[in-house]
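Student: Each residue of the sequence shown is one higher than the one before, starting from 1 at the first, in the UniProt record's numbering.
Ideal placement from N, C-alpha and C gives every residue a C-beta, glycine not left out.
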Amino acid sequence: MSQTDVVQTDSIHEEDPHNEPPKKQKSRRPANTAFRQQRLKAWQPILTPKTVLPIFFAIGIIFAPIGGLLLWASASVQELVIDYTDCNTTATTSFTAIPESKVSASFKSSNSTARPQWRRTVNTTHPPYSVELRNTPVCTLQFSIPNDIGPPVYLYYRLTNFYQNHRRYVKSLDTDQLKGNFLSNHTVDSSSCNPLKLDHNGKAYYPCGLIANSIFNDTLNSPVAVSTSGGQESQQYRMTNEGIAWSTDASLYKKTKYKNYEVSPPPNWALRYPDGYTDANPIPDLSQYEEFQVWMRTAGLPTFSKLALRNDNETMTAGTYQMDIYDFFPVSIYSGKKSILLSTRSVVGGKNSFLGIAYVVVGGLCIVLGALFTVAHLIKPSIQARQHHRGDVHDGDGTGFRSGGGGQGPSGHHGDDIHDHSHNHNHGRRRAPSPLYTIDTYIHIVADSSTASPSSSNYVSDTMIRDQFTYLSNAYTNASIGFRLAGIDRVANDTWARNGDDTGMKRSLRKGNYSALNVYYQSLLQADTNTPGVPAGSTLLGFCTLPMSGIVAGVDPSAYVIDGCNILSGTMPGGKYAGYNLGGTTAHEVGHWNGLLHTFNGGSCDVWDFGDYVADTPQERTSTNGCPSTVKDSCPNSGVPKGYDGIGTEPYGPQGYSGPDPVHNFMDYSSDACYVGFTPGQGARMLNIWRIYREGL
Numbered sequence: 001m002s003q004t005d006v007v008q009t010d011s012i013h014e015e016d017p018h019n020e021p022p023k024k025q026k027s028r029r030p031a032n033t034a035f036r037q038q039r040l041k042a043w044q045p046i047l048t049p050k051t052v053l054p055i056f057f058a059i060g061i062i063f064a065p066i067g068g069l070l071l072w073a074s075a076s077v078q079e080l081v082i083d084y085t086d087c088n089t090t091a092t093t094s095f096t097a098i099p100e101s102k103v104s105a106s107f108k109s110s111n112s113t114a115r116p117q118w119r120r121t122v123n124t125t126h127p128p129y130s131v132e133l134r135n136t137p138v139c140t141l142q143f144s145i146p147n148d149i150g151p152p153v154y155l156y157y158r159l160t161n162f163y164q165n166h167r168r169y170v171k172s173l174d175t176d177q178l179k180g181n182f183l184s185n186h187t188v189d190s191s192s193c194n195p196l197k198l199d200h201n202g203k204a205y206y207p208c209g210l211i212a213n214s215i216f217n218d219t220l221n222s223p224v225a226v227s228t229s230g231g232q233e234s235q236q237y238r239m240t241n242e243g244i245a246w247s248t249d250a251s252l253y254k255k256t257k258y259k260n261y262e263v264s265p266p267p268n269w270a271l272r273y274p275d276g277y278t279d280a281n282p283i284p285d286l287s288q289y290e291e292f293q294v295w296m297r298t299a300g301l302p303t304f305s306k307l308a309l310r311n312d313n314e315t316m317t318a319g320t321y322q323m324d325i326y327d328f329f330p331v332s333i334y335s336g337k338k339s340i341l342l343s344t345r346s347v348v349g350g351k352n353s354f355l356g357i358a359y360v361v362v363g364g365l366c367i368v369l370g371a372l373f374t375v376a377h378l379i380k381p382s383i384q385a386r387q388h389h390r391g392d393v394h395d396g397d398g399t400g401f402r403s404g405g406g407g408q409g410p411s412g413h414h415g416d417d418i419h420d421h422s423h424n425h426n427h428g429r430r431r432a433p434s435p436l437y438t439i440d441t442y443i444h445i446v447a448d449s450s451t452a453s454p455s456s457s458n459y460v461s462d463t464m465i466r467d468q469f470t471y472l473s474n475a476y477t478n479a480s481i482g483f484r485l486a487g488i489d490r491v492a493n494d495t496w497a498r499n500g501d502d503t504g505m506k507r508s509l510r511k512g513n514y515s516a517l518n519v520y521y522q523s524l525l526q527a528d529t530n531t532p533g534v535p536a537g538s539t540l541l542g543f544c545t546l547p548m549s550g551i552v553a554g555v556d557p558s559a560y561v562i563d564g565c566n567i568l569s570g571t572m573p574g575g576k577y578a579g580y581n582l583g584g585t586t587a588h589e590v591g592h593w594n595g596l597l598h599t600f601n602g603g604s605c606d607v608w609d610f611g612d613y614v615a616d617t618p619q620e621r622t623s624t625n626g627c628p629s630t631v632k633d634s635c636p637n638s639g640v641p642k643g644y645d646g647i648g649t650e651p652y653g654p655q656g657y658s659g660p661d662p663v664h665n666f667m668d669y670s671s672d673a674c675y676v677g678f679t680p681g682q683g684a685r686m687l688n689i690w691r692i693y694r695e696g697l
């Protein structure tokens, strides 16, 4: 792009309602630092097949083995699960086999095939924190351990369909009371223990609330060996309730300052405290009551297991064991079930194959997707990739056209600011959004006498025209702008080909109204004597008019006859200008025709330099040459935070976003192979400009 663009860019500045003189800086404005102005640097990769496909395979290669190890660790856990919900309604007074559906076992050895048995009895018992209880229903389980397990060995109870995560349930406690503080009845009554705060006499419950009231109160006794591989009988496998609670929970519970007569036990504790708290059966010390602490740590799912007993030092030898359970906890009233779970552990905890399966599935899926995308990429690469292979794409072409264009390259290339957005157009590989408006496009091929013949090596073929129009259409797909090829004509004129009579050429060739795009591909496009700052005769890649105010319906076409884009035909796909012969120059210049400015417009990093008036293009001081292999950031300490929404009905922003230069944006001066797309803010600006200046004209 030449200095002609600069002049026209200035003209739209004069018409831009936001082009106001800088206002005086307010004294309360935060310091202009990267931190205070939220301009800290960020980096985001360019998502291309070359970068994405290896990531897919890397994730697959890493995740799949990890998943396999997790599955192996889960499978190494040995456990026995027995559902004893129906023990006291189904079991008899002598041992009978437990239904197979209520038993689940996983051991290294499969020597024992004996099914666990149960029986029910009624005895006098003395559970912890309780008076002696007569007529206690006792469920005795008899089961076999086929091989030595542990240490450690853990005994859990498991409940189903019990929603400890219900909001009303979770909130029903008083942490101050649990910490041992003395709370008056009035204070408890105003606490969050609803609905269990005070008893019928107005005395506070301790501990108050639904969680404490519903504590799991079945007593699980340590297993007793009936027979073992060593021949020993009736030997108890000692398990303890010490260390079953989280160590961090100890600070949440303290010995209470209440006297026995000052509070009442919760309603469901009445069986253990039939006379309330007494000297013989005093208030429990919650700081030592680990079963209570375990219960108070509510579960997130309706099916959960909680630790009841453990043995960290002794091996549980192979043999037959019996275990007595004092059966108090009701589950039928809420259609739940209760089970015991005897288990060892692995480096990742208990038996749970979900995490391992998830890793394997993710790893396998990534490998499959990587393979599919690789095949798709090899069979049907993008148009840009095909053009890259077809043309000589490199940063310099040795033609000297940049200096001939006033030291500037083509006026921009395809660039969604890839640092802020990821909507790069994929040239036919994904369904395009419907355009918000479609532009009738007329292409004029203006050749000199030496290139007008099909035999010329610089002849503009129908294939080049078709590829150029396809590139243009794809470049604007994600900006929701469509193009309709309304006509093509060819003319041989040496004067017009070198831009010797621009107005005369356009008066003769221009078609359509003001909303129609006319593109003139000239074989020898040069700067004329009226091009400011550019030596006459210098080769130009292209220039384009910007929307003009004052054009209304019915106006004489002579008022806008010069409207359109002049582009060197050698920049079309397959043209002679290596590095700029993929079609990007046209996409850049048409961006100007749609009202976009260069991403480096203003040429400074000043806080009051509004640049291209689009917020989501980072502020840029210098144009880009070629396609930098390293990050280019010409304004490292400027820009606004990305929280600024500079799109929608008001697409104009203050500065651009902070971050690296938008070298992949169509409105920079990068080489064609560097282009990616437009940003949403640029798309919104083009739509706004269209509606203001060209729609319906």
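As an exercise, report each continuous beta strand (DSSP E) stretch of at least 3 residues that is fully enclosed by the region 548-606, in chain order.
Tutor: Taking only runs of at least 3 residues, the beta strand (DSSP E) segments lying wholly in the region 548-606 are 565-568.
Student: Taking a contact to mean a Cβ-Cβ separation below 8 Å, would you say I244 touches E290 in this structure?
Tutor: Walking along the sequence shown from the start, residue 244 turns up at place 244. Walking along the sequence shown from the start, residue 290 turns up at place 290. Closer than 8 Å, so yes.
Student: Helix, strand or coil for M686, going by three-state DSSP, please let me know.
Tutor: The residue you call residue 686 lines up with position 686 of the sequence shown. Looking at M686 - three-state DSSP - the assignment turns out to be helix.
Student: Assign T477 to one of two classes, buried (16 or more other C-beta atoms within 10 Å of its C-beta) or exposed (fewer than that).
Tutor: Walking along the sequence shown from the start, residue 477 turns up at place 477. It counts as buried.
Student: Please report the distance separating the alpha-carbon of I488 from that of G584.
Tutor: In the sequence shown, the residue the question calls residue 488 occupies position 488. In the sequence shown, the residue the question calls residue 584 occupies position 584. When rounded, the distance between both Cα atoms is 20 Å.
Student: Within its chain, find whatever has a CB closer than 6 Å to the CB of M667; leave out the 5 residues flanking it on each side and keep chain order.
Tutor: What you label residue 667 is simply residue 667 of the sequence shown in a count that begins at 1. So the qualifying residues of the chain are G412, G591, L596, H598, T599.
Student: So is K259 buried or exposed if we call it buried at 16+ other beta carbons inside 10 Å?
Tutor: Within the sequence shown, residue 259 is the residue found at index 259, counting from 1. When all chains shown are included, K259 counts as exposed.
Student: Tell me, please, which residues DSSP counts as bridged to H444.
Tutor: Counting from 1 along the sequence shown, the entry for residue 444 is found at position 444. Paired residues: D489, Y520.
Student: Thinking C-beta only, is V138 closer than 8 Å to T121?
Tutor: Here residue 121 refers to the residue found at position 121 of the sequence shown. Here residue 138 refers to the residue found at position 138 of the sequence shown. Cβ atoms of T121 and V138: closer than 8 Å.
Student: Helix, strand or coil for C544 per DSSP?
Tutor: Counted from its first residue, the sequence shown places residue 544 at position 544. Three-state result, C544: strand.
Student: Hey, quick one: how far does the beta strand (DSSP E) through E79 stretch, first residue to last?
Tutor: Counted from its first residue, the sequence shown places residue 79 at position 79. Start and end: 79-83.
Student: Pick out whichever of F354, Q142, C544 has its Cα sitting closest to the Cα of S94.
Tutor: As a first step, residue 94 must be located in the sequence shown, where it is residue number 94. The residue with the shortest Cα to Cα distance from S94 is Q142.
Student: Along the chain, where does the beta strand (DSSP E) containing Y321 start, and where does it finish?
Tutor: Within the sequence shown, the letter at position 321 stands for residue 321. That run of the beta strand (DSSP E) goes 319-326.
Student: Using the Cβ count rule (16 or more neighbours within 10 Å means buried), how would you classify G504?
Tutor: Reading the sequence shown from its first residue, position 504 is the one you call residue 504. G504 comes out exposed.
Student: So for G350, helix, strand or coil by DSSP?
Tutor: Taking the first residue of the sequence shown as position 1, residue 350 is located at position 350. If DSSP states are grouped into helix, strand and coil, G350 belongs with coil.
Student: Less than 8 Å between the beta carbons of A497 and Q522, yes or no?
Tutor: Here residue 497 refers to the residue found at position 497 when the sequence shown is read from its first residue. Here residue 522 refers to the residue found at position 522 when the sequence shown is read from its first residue. Closer than 8 Å, so yes.
Student: Quick one: give me the first and last residue of the alpha helix (DSSP H) that I55 is part of.
Tutor: The residue labelled residue 55 in the question sits at position 55 within the sequence shown. Note, I55: alpha helix (DSSP H), 49-75.
Student: By the DSSP assignment, the beta strand (DSSP E) with R310 in it spans what residues?
Tutor: By 1-based counting over the sequence shown, the position of residue 310 is 310. It spans 304-311 - the beta strand (DSSP E) in which R310 sits, taken as one unbroken run.
Student: Could you tell me the distance, in whole angstroms, from the CA atom of G602 to the CA atom of W608?
Tutor: The residue given as residue 602 occupies position 602 in the sequence shown. The residue given as residue 608 occupies position 608 in the sequence shown. Taking the straight line from one Cα to the other gives about 10 Å.
Student: Just the Cα atoms here: how many angstroms apart are V460 and K576?
Tutor: For this step, residue 460 is matched to residue 460 along the sequence shown. For this step, residue 576 is matched to residue 576 along the sequence shown. Looking at the two C-alpha atoms, the distance is approximately 11 Å.
Student: With a 10 Å radius around its C-beta and 16 neighbouring C-beta atoms as the bar for buried, classify W118 as buried or exposed.
Tutor: Here residue 118 is taken as the residue at index 118 of the sequence shown, counted from 1. So W118 counts as buried.
Student: For the region 126-205, list the beta strand (DSSP E) runs that are entirely contained and at least 3 residues long, ordered along the chain.
Tutor: Qualifying beta strand (DSSP E) stretches, in chain order: 133-145, 153-160.
Student: Is it buried or exposed, Q288, if we count other Cβ atoms within 10 angstroms and call 16 or more buried?
Tutor: On the sequence shown, position 288 is the one that residue 288 refers to. Q288 is exposed by the Cβ-count criterion.
Student: Go ahead and label S172 buried or exposed: buried means 16 or more other beta carbons lie within 10 angstroms of its beta carbon, across all protein chains shown.
Tutor: Residue numbering aside, residue 172 sits at position 172 when the sequence shown is read from its first letter. Buried: at least 16 other Cβ atoms inside 10 Å.
Student: On a Cα-Cα basis, can you pick out the residue from L133, L509, L71 that is closest to V446?
Tutor: Translated into positions along the sequence shown, residue 446 becomes position 446. Comparing Cα-Cα distances from V446 to each of L133, L509, L71, the minimum goes to L509.
Student: Does the Cβ-Cβ distance between L76 and G356 come in under 8 Å?
Tutor: Translated into positions along the sequence shown, residue 76 becomes position 76. Translated into positions along the sequence shown, residue 356 becomes position 356. At residue 76 the sequence reads Ser, which differs from the Leu that was named. Taking 8 Å as the Cβ cut-off, S76 and G356 do not qualify as a contacting pair.
Student: Taking 8 Å as the cut-off, does the region 557-576 touch the region 459-473 (at least 3 CB pairs, one atom from each stretch)?
Tutor: Result yes; three or more Cβ-Cβ pairs closer than 8 Å.
Student: Quick one: what's got a C-beta closer than 6 Å to D189's C-beta in the same chain, skipping five residues either side?
Tutor: For the purposes of this step, residue 189 is identified with residue 189 of the sequence shown, where counting begins at 1. Only K197, L198 meet the Cβ criterion.
Student: The beta strand (DSSP E) that contains S343, what's its start and end?
Tutor: Sequence index remark: in the sequence shown, residue 343 carries index 343 (1-based). First-last of the beta strand (DSSP E) with S343: 337-343.
Student: Name the DSSP beta bridge partners of V122, please?
Tutor: Walking along the sequence shown from the start, residue 122 turns up at place 122. Bridge partners of V122: P137.
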